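To start, the structure itself, in structure tokens.
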Amino acid sequence: MLQPSILPSLGLTLLALCALATSLPAQTPATPKPKKKEKPPIIFVLTDYELVDAFPGLKFDQPLAIVSAPGDKTRLFIVEKTGRIQVITALDTDHPQKQLFLDLTHPSGGATLVTEGECGVLGLAFPPDHATSHRCFVYYSLRLGGVLHQRLSRFTLSANDPSSADPATEQPLFTQQDPASNHNGGDLHFGPDGFLYITVGDGGAADDKFDNARYINKGFHAAILRIDVNKTPGSLPPNPHPAIALDARGSAFYAVPSDNPFIGATTHHGETLDPKTIRTEIWATGLRNPWRISFDLPTGRLFCGDVGQNLYEEIDIITPGGDYGWSYREALHPFITGPGKDKEPAGFHPTDPIFEYLHTIGLSVTGGVVYHGSKFPQHQNKYIFADYVTGRVIALKDEGQPTWSEETLAQDPAIAGIGLDPRNGELLFANLATGQLKRLQLKSAPAPSN
1 MLQPSILPSL GLTLLALCAL ATSLPAQTPA TPKPKKKEKP PIIFVLTDYE LVDAFPGLKF
61 DQPLAIVSAP GDKTRLFIVE KTGRIQVITA LDTDHPQKQL FLDLTHPSGG ATLVTEGECG
121 VLGLAFPPDH ATSHRCFVYY SLRLGGVLHQ RLSRFTLSAN DPSSADPATE QPLFTQQDPA
181 SNHNGGDLHF GPDGFLYITV GDGGAADDKF DNARYINKGF HAAILRIDVN KTPGSLPPNP
241 HPAIALDARG SAFYAVPSDN PFIGATTHHG ETLDPKTIRT EIWATGLRNP WRISFDLPTG
301 RLFCGDVGQN LYEEIDIITP GGDYGWSYRE ALHPFITGPG KDKEPAGFHP TDPIFEYLHT
361 IGLSVTGGVV YHGSKFPQHQ NKYIFADYVT GRVIALKDEG QPTWSEETLA QDPAIAGIGL
421 DPRNGELLFA NLATGQLKRL QLKSAPAPSN
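Right, dumping it as structure tokens:
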């Protein structure tokens, strides 16, 4: 938790989220405590822009994701970490309204919603055919039999109200047991190909304590997954795993696209593997806590903000089969954690991030979006993201690979998610601490040049 003196005005229950990634659940006395991140005071910088309330009068309970349904310009969905998903309706009028879309505060089947630390309701996505399938997908944390899990579920919208999902229609797709409460990922997006992409963290604690990140044949960890929720012809059944929900015939409720990169893999990091044990859902691997991802539709590129450990935060462009290095590397740098992890395997060629920054700039990256709005033409085609702790809002411009130039636009601590207004493509920021959705605007007096 950050010191109150650092952010006196925010009163954060801080998602600890991604920020101080070494936070742990209760430990036995025999368990050594991990190294803690340094917590330098936040340095505020002069900027030309500021974030202001985009929907005055509408407040949310720890919002962390801003979601639109494809093709729908009249509604905006807000994921609240504490258990509910809200929808802003009448978005195309002068009087937008907030209403409850889905309440997960009391999951069915004897489960308990978990919201402490980095847990909670973490992601929402609507498929391209949502208008006819009446489905949505949600990622959230729960406790089953006293044990923490992370779950991906499908829900059906109410027959009488498409702005309401029926919790009784829940169908889990997978429910992964989780050894620690941090590094849960949980972002969901349907790609241009119609498949669902899911971010999952390394299982938590620190230093890849549970040794998940270097493997593609363990659980649903340290990766971006890609699955076919429609089980279209040609897609394959997933390899068996205890986390996967099965129907009465023993089949999973999703399939694996036939071009997923690790299907049939027999080696990884120099070790021989049985292809039947591979988590073929994996699209890219070696990620620590891929907190927020987004597709840039004009280019098809998939951007990811991966939360670092002790020194660096990183932005990646995700490619199929990409290995982003964790826990052999932190961003571009070797990561030494002790015996067994201090030597990169032969033939190890991780995919480099497009951008990294030190913890003098920020402590927890919130991945963003590529801007294609009209309000700020000078920032067209730039990738705009934030740091949750220091609040820096940074624009990256592609100067031709591998060079990306950076510019700090604004500063607003506790930005946990960034989305786009479906009406006009303008940026929206979810501030977890203030409960507001914010927008970017030019200050009346630009910052003086140095």
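The numbering used here numbers the first residue of the sequence shown as 1 and each following residue consecutively.
Cβ atoms here follow ideal geometry from the backbone N, Cα and C, with glycine treated the same way.
These figures come from a predicted structure and were not determined experimentally.
### Simplified DSSP assignment, three categories, for residue 438
Correct three-state label for residue 438: strand.
### Query
What is the residue span of the beta strand (DSSP E) that residue 149 lies within?
First-last of the beta strand (DSSP E) with residue 149: 147-157.
### residue 141 - DSSP class collapsed to helix/strand/coil
Assignment of residue 141 by DSSP, reduced to helix, strand and coil, places it in the strand class.
### Query
Do you know whose CA, among 148, 357, 401, 273, lies nearest residue 313's CA?
357
### Task
Tell me where the beta strand (DSSP E) around residue 285 begins and ends.
Unbroken beta strand (DSSP E) run through residue 285: 282-285.
#### Entry: Straight-line Cα distance separating residue 390 from residue 440
Residue 440 and residue 390: Cα-Cα distance of roughly 17 angstroms.
### Neighbourhood of residue 267 by C-beta distance below 8 angstroms, restricted to the same chain and skipping five residues each side
273
### Three CB pairs or more closer than 8 angstroms across the region 148-164 and the region 115-135
yes
#### Entry: Endpoints, beta strand (DSSP E) assigned at residue 408
404-411
### Message
Short of 8 angstroms in beta carbon distance, which residues of its chain neighbour residue 168, apart from the five on each side in sequence? Order them along the chain.
### Response
If we look at residue 168 and ignore the five residues flanking it on each side, its Cβ neighbours are 108.
### Nonlocal neighbours in the same chain, by C-beta distance under 6 angstroms from residue 29, ignoring five residues either side
Residue confidence is low: residue 29 scores 33 on pLDDT, short of 50, so the model does not pin down where it sits. No coordinate-derived value is stated.
### Where residue 275 falls: helix, strand or coil (DSSP)
helix
### Query
Unbroken beta strand (DSSP E) runs of length 3 or more, entirely within the region 296-372: which are they?
301-306, 312-318, 355-358, 365-370
#### Entry: Nearest-angstrom Cα separation, counted from residue 343 out to residue 84
44 angstroms
### Query
Got a sec, what are the start and stop residues for the beta strand (DSSP E) residue 199 sits in?
196-200
### Task
Could you check the C-alpha separation between residue 310 and residue 359 for me, to the nearest Å?
8 angstroms
### Query
On the premise that residue 186 lies in contact with residue 139, defined as a C-beta separation below 8 angstroms, what is that separation, rounded to the nearest angstrom?
Correct: roughly 4 angstroms between the Cβ atoms.
### Task
Under 8 angstroms Cβ to Cβ from residue 21, same chain only, skipping five residues before and after it: list those, please.
Summary for residue 21: the model assigns pLDDT 36, below 50, so the residue's position carries little reliability, and this model does not support an answer.
### Collapsed DSSP secondary structure at residue 465 in the structure displayed
Nothing can be reported for residue 465, as the shown portion of the chain is limited to 1 through 450.
### Task
Reducing DSSP to helix, strand and coil, say where residue 233 ends up.
coil
### Query
Under a three-way DSSP split, which group does residue 162 fall into?
The DSSP-derived three-state label of residue 162 is coil.
### In DSSP terms, what residue 97 is bridged to
89
### Message
Quick check on DSSP: helix, strand or coil for residue 62?
### Response
coil
### Task
Compare the C-alpha of residue 73 against each of 93, 277, 191 and name the closest.
93
### Task
Output yes if chain C places a C-beta closer than 7 angstroms to the C-beta of residue 296; else output no.
Although the question refers to chain C, the structure presented lacks it and comprises just one protein chain.
### Message
Quick test of the definition: if touching needs 3 or more C-beta pairs under 8 angstroms, does the region 251-264 touch the region 288-302?
### Response
no
### Query
Where does residue 377 sit, in a helix, a strand or coil, going by DSSP?
helix
### Task
Assign residue 444 to buried or exposed, taking buried as 16 or more other Cβ atoms, counted over all protein chains shown, within 10 Å of its Cβ.
exposed
### Query
Under 7 angstroms, do residue 226 and residue 195 count as touching if we go by C-beta distance?
yes
### Integer-rounded CB distance, given that residue 154 should sit under 8 angstroms from residue 173
Correct: roughly 6 angstroms between the Cβ atoms.
### Query
Is residue 121 closer than 7 angstroms to residue 142 when the C-beta atoms are compared?
no
### Query
Excluding the five sequence neighbours on either side, which residues of its own chain have a C-beta within less than 6 angstroms of the C-beta of residue 200, listed in chain order?
185, 220, 221, 223
### Query
Can you check whether the CB of residue 415 is closer than 7 angstroms to the CB of residue 337?
no
### Task
Return the CA-CA distance between residue 61 and residue 164, expressed in angstroms with no decimal places.
18 angstroms
### Message
Which residue wins for smallest C-alpha separation from residue 178, given the options 215, 144, 216?
### Response
144
### Task
Spatial neighbours of residue 90 within its chain, please: CB distance less than 8 angstroms, with the 5 preceding and 5 following residues excluded, ordered by chain position.
74, 96, 97
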